[in-house]
Every structure is written in C-alpha cells, then in structure tokens.
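Peer 1:
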Amino acid sequence: MTDPLSKLPLFATDREIAIAVVGKERASMYVKVVIPALERHGFPQIDPLHDGRPVPLVRKWYNIHMGVDKNYVLQSLQDGKEDWSVWDRSKRDRRNDRKPQLALNTRCMNALRHMVEHPDIRTSAEVPGATDFTMDELASKGALKEGKRDSQGDRTWTVTDAGREEIVRLNDWHGGKRRI
C-alpha cells in the first residue's frame, strides 16, 4: 500500500491533504473542523510563500500523532521550561539604565538643568537659586567641572557629559520627557 501523502506536491492545499488523509467524502468536514483543531496541537501551518502546507511536515506530524516517531516528539513538541529570571533581570537592567544615578537634590537638579538648557551660563550667579556650594556639590558628583575664574573673579563651571546624561535620565525618569 502506498502512502497517499507521497502523491501530493511538496506544498499541498488543505483540500488535497484532506482527500489524502480521510478521502473525498469527508474532506470538507476535515478542512472545516479537523484541521483547525489539529493546528492547536502543532499541525504544520500554511506556508504563505507556497500557499500550502509542507507535506513532509504533515507526514512527520501524523507519524508523531500516531506514535510512530517518538524521538521527534521528545525533541520538538515537549513544552520548554521558561526562565523568567532572564527576562526580569534584563527588564531590571533596562530600568536601572534609565534611573537617575547621581542622587541629586532638587536644588542641584534645577541648577544642572538650567545650565544644560543655557550652555552660555558659566557662574553660580547666573543660575537661579544656585550658590558656589551648589556648584561644588554638582562638581563632587561629576556633573560639573570647575574652570578658571572670569574677569570679575567668579568661579566658572562647565557641564560634563555625565551631567548632560543625568539630565536626560532625569527627564526620562520624571515624566518621560526627552528635552536633550
């Protein structure tokens, strides 16, 4: 007895497969009822490029379904164990990357934000609510770098890359804004 699936093309329609499996009389019921039920149990999907199901996989699926090929069942159809800790760890890492890292108080955050938004500002006198103490605190956290004194004798400051990155993180963390 020859295998009826061996007479089919490499990619066959549901109707062709149904006729090969259950015969012409029951083919329409098989297409409407059985194939959708089998798909929930791993029956090969229609290949959109070839507009049909791959017949070798259909044959393999039936061999497994009827218990002919136990090795394939163990390798392909057993439910894998999910490792949620990998997903949680990466989610935690992504969250920590977004989190502000310099632990700035509100006064320092406002001063740093003002300096980033106004790159021409260099002294504490030009930053609303800031003093040299505020600038020293920002410098100790790595957000500012002290420069030379200006013509009036005031200390000058420049925002570092770490300071600009912290403002990006602060904006993202507090409201999802990305101003820079």
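Per numbering that gives the first Met the number 0, residue 0 is the first one in the sequence shown, and the count goes up by one each step.
The beta carbon of each residue, even a glycine, is placed where N, CA and C say it ideally should be.
Please read all numbers here as calculations on a predicted model, not as lab measurements.
#1: Considering only the alpha carbon of each residue, which of H49, E136 and E38 lies closest to H64?
#2: Excluding the 5 residues flanking G22 on each side, which residues of the same chain have their C-beta closer than 7 angstroms to its C-beta?
#3: Using the C-alpha atoms, what's the distance from D149 back to I166?
#4: Looking only at its own chain, which residues have a Cβ that is under 8 angstroms from the Cβ of I179, when we skip the five neighbours before and after it?
#5: Helix, strand or coil, according to DSSP, for P53 in the structure here?
#6: Just to confirm the assignment: which complete alpha helix (DSSP H) runs, minimum length 4, are found wholly within the segment 101-179?
#7: Nearest to D13 by CA position, among V33, D2 and F132, is which residue?
#8: If you draw a straight line from the C-alpha of P47 to the C-alpha of A142, how long is it?
#9: With burial defined as no fewer than 16 other Cβ atoms inside 10 Å of the residue's Cβ, what is the status of S123: buried or exposed?
#10: In whole angstroms, what separates the C-alpha of P3 from that of V57?
#11: What separation, rounded to the nearest whole angstrom, lies between the Cα atoms of D96 and A161?
#12: Could you please give the first and the last residue of the uninterrupted alpha helix (DSSP H) stretch that includes L48?
#13: Roughly how many angstroms lie between the CA atoms of G66 and V54, to the nearest whole one?
#14: Return the CA-CA distance between L101 and W156, expressed in angstroms with no decimal places.
#15: Where does the unbroken alpha helix (DSSP H) through D13 begin, and where does it stop?
#16: Alpha carbon to alpha carbon, what distance is there between R91 and P180?
#17: Whose C-beta lies closer than 8 angstroms to the C-beta of K98 among residues of the same chain, with five residues either side of it excluded?
Peer 2: Taking the structure as given:
#1: E38
#2: none
#3: 26 angstroms
#4: In this predicted model, I179 has a pLDDT of only 44, less than 50, meaning its place in the structure is not dependable; the value taken from the coordinates is given anyway. Within the same chain, I179 has close Cβ partners V115, R163, I166, V167 and N170.
#5: strand
#6: 105-116, 131-139 and 160-172
#7: V33
#8: 55 angstroms
#9: The Cβ neighbour count for S123, taken over all protein chains shown within 10 Å, is at least 16; the residue is labelled buried.
#10: When rounded, the distance between both Cα atoms is 12 angstroms.
#11: 13 angstroms
#12: Premise fails: L48 is in no alpha helix (DSSP H) and is neither H nor E.
#13: 18 angstroms
#14: Approximately 18 angstroms between the Cα atoms of the pair.
#15: D13 to V21
#16: Residue 180 lies beyond the residue range present for the chain, which begins at 0 and ends at 179; the question has no answer from this structure.
#17: R168 and W172
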